[in-house]
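With my numbering, letter number 61 in the sequence shown gets 61, and the count goes up by one each step, no holes.
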Amino acid sequence: MPIQRDAAAQSVLSRLLEEHRLTGASRLYREAERASLTPAETPGAYRLAANARPSESVVDIYGPGYVVQAEQVGPGLAFAESASPNWQETMELRALQAASGDRVEVEVRLEDLLRQGGLMYPVESVTVERAWYFTLPQGSIEVREAR
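What follows is the structure, encoded as structure tokens:
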């Protein structure tokens, strides 16, 4: 059962979606370590857990509009509008993740993210791609491998 947003948050979210021409059917992408994916009940789908300590900087469009660390708005995940590889990386992250294991590009529908009742924030810390951070009240989201 989805969590309900208050009217003010829903108004801000609706305006954001309209301004960026995003719909429930819009597909969003991110890279994930294969080991972090757990099989979902739906065949061919996986669950990806929310990050409790995300590193993204986001614009708090539901508050005063300041840039804040994503962990201040709640556990969640960032997704980009296209499947271009390595959009999440900075030079520092590349160094930290050099020893990381098998990675895979996953996709999700926008409506699946919003159905949980969480909020969507513009990611300020990514400049090469339009990216969005979503709070995930259920603690995870169902994803599929991008094709």
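Glycine residues also receive a C-beta, built at the ideal position from the N, C-alpha and C atoms.
One or two residues paired with residue i in a DSSP bridge
i, result
"E31", "E105"
"I141", "L48"
"Q72", "In the DSSP output, where bridge partners are listed per residue, Q72 has none listed."
"T135", "G76"
"S57", "Q69"
"V123", "V58"
Proximity test, residue i beta-carbon vs the ligand FAD heavy atom, cut-off 7 Å
i, result
"G139", "This structure does not include the ligand FAD; it has no bound ligands of any sort."
Cβ neighbours of residue i in the same chain (closer than 7 Å, five flanking residues each side left out)
i, result
"G74", "T135"
"T38", "Y46 and R47"
"Q69", "S57"
"A9", "Y62 and L119"
Own chain residues within Cβ distance below 8 Å of residue i, not counting five before or after
i, result
"I61", "V12, L16, Y121 and P122"
"G118", "I3, G74, G76, F134, T135, L136 and P137"
"A7", "none"
"L113", "L28, F79, M120, F134, L136 and I141"
"S36", "L48 and A49"
Nearest-angstrom beta carbon gap, residue j and residue i [assumed within contact, 8 Å]
i, j, result
"R27", "R109", "6 Å"
"V67", "E129", "The pair is not a contact, with the Cβ atoms about 17 Å apart (cut-off 8 Å)."
"E33", "R103", "6 Å"
"E105", "G24", "The Cβ separation is near 21 Å, so there is no contact."
"A78", "R30", "6 Å"
"A131", "A52", "With a Cβ gap of about 19 Å, A131 and A52 do not count as contacting."
is_contact[residue i, chain D] using C-beta, thresh 8 Å
i, result
"R47", "Among the chains of the structure shown, chain D does not appear; only one protein chain is present."
Check: Counting Cβ pairs closer than 8 Å, one from the stretch 136-146 and one from the stretch 28-48, do we hit at least three?
Finding: yes
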